[in-house]
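The structure under discussion appears below in the form of structure tokens.
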Amino acid sequence: MCGRFNLSYTTSDLSAQLPHVLWDFEQIPSFNIAPSHQITVISEMAGEFRGSMMQWGIPITTSENRSVLMSNTRTEGILERDIWNKGTGRICFIPASGFYEWDKVSKERIPYNVQLQESGLFLMLGIFRETSSFLSCSVLTCPAGARLKKIHHRSPVILTTDIDLKIEKSHMGEMDFLKKALDYQSKINLRLTKVSPKINSVKNNTPDCLLEDNTQQMKLL
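Numbering that gives the first Met the number 0 numbers the first residue of the sequence shown as 0 and each following residue consecutively.
Encoded structure:
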């Protein structure tokens, strides 16, 4: 995780659930978001939380001198390197209504839409960087909980939308906020729904990508 996700909300929908965030663009629902796409991201700038567009994937150069997009970042690496004390990244929040994972059965890959049990909208914790030309971000991941790890061992770090970002984040540093968010993961309840194989192609970006597919059943807790 996370290789694809969906955000089936408009800007007015997001404003209703995240009233403390300022929006200066129009969010259009998207059902098959992939790395390199421009995505909706909430970040703190000049003391205010704003919704803006960022590239999903932070450009990095590997040890083999290859240029790649870092769409996911392991929280374990951040905690070990203490990157915020080195000024190399800042926390952001990526609204989502679900993310996709694939269960491998023989040679078949079965797609599942992973959502919150209690709510349609949630926030994935991320890290973003700003260059002179554009903003880019990466989803922070942690070990998956019991329900998800049956098909994948990693999960995005998830927060519910009832969190008050200003209160929670203003009186602590980036690292302390990350540690608190990780502690919160034990309270996250996920729902997995098998969806259309249309989601396997990034060319498909329509609401029917989310339709439940009951042709096979999977035993989950």
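From the three backbone atoms N, C-alpha and C, an ideal C-beta is built for every residue, glycine too.
Residue i bridges to which residues according to DSSP?
i           : result
residue 140 : 73, 155
residue 95  : 121
residue 228 : Within the shown structure, residues of the chain are numbered from 0 to 220, placing residue 228 beyond reach of any answer.
residue 100 : 111
residue 67  : 59
residue 51  : 40
residue 129 : 134
residue 80  : The partner list for residue 80 (beta bridge, DSSP) is empty, contrary to what the question assumes.
residue 90  : 126
For residue i, which three-state DSSP category applies?
i           : result
residue 118 : coil
residue 107 : strand
residue 161 : coil
residue 17  : coil
residue 59  : strand
residue 224 : Outside the shown range of the chain (0 to 220) lies residue 224, about which nothing can therefore be said.
residue 150 : coil
residue 31  : strand
residue 11  : helix
residue 210 : coil
residue 204 : coil
residue 85  : With a pLDDT of 49 at residue 85, under the threshold of 50, the modelled position of this residue cannot be trusted, and the question is left open.
Whose C-beta lies closer than 7 angstroms to the C-beta of residue i among residues of the same chain, with five residues either side of it excluded?
i           : result
residue 29  : 5, 6, 204
residue 208 : 30, 31, 194, 195, 197, 198
residue 25  : 10
residue 85  : With a pLDDT of 49 at residue 85, under the threshold of 50, the modelled position of that residue is not reliable, and the figure given next carries that caveat. So the list is empty, once near-sequence residues are dropped.
residue 59  : 67, 69
residue 135 : 53, 54, 56, 57, 58, 127, 128
residue 109 : 101, 102, 193, 215
Consider the Cβ of residue i: report whether some Cβ of chain B lies at a distance smaller than 9 angstroms.
i           : result
residue 178 : The structure shown contains no chain B; it holds only a single protein chain.
Please go through the same chain and pick out, in chain order, the residues whose beta-carbon is closer than 6 angstroms to the beta-carbon of residue i, but skip the five residues on each side of it.
i           : result
residue 72  : 126, 137, 139
residue 182 : none
residue 309 : Absent from the model: residue 309. The displayed extent of the chain is 0 to 220, so no value can be given.
residue 20  : 41, 48, 50
residue 177 : none
residue 111 : 100, 191, 193
residue 188 : 116
Hey, could you find the ends of the beta strand (DSSP E) residue i is sitting in?
i           : result
residue 189 : 189 to 193
residue 41  : 37 to 44
Go to residue i, then tell me how far its alpha helix (DSSP H) extends in each direction, as first and last residue.
i           : result
residue 177 : 173 to 183
Once you ignore the five residues that flank residue i on each side, which residues in its own chain have a CB closer than 8 angstroms to its CB?
i           : result
residue 118 : 159, 160
residue 45  : none
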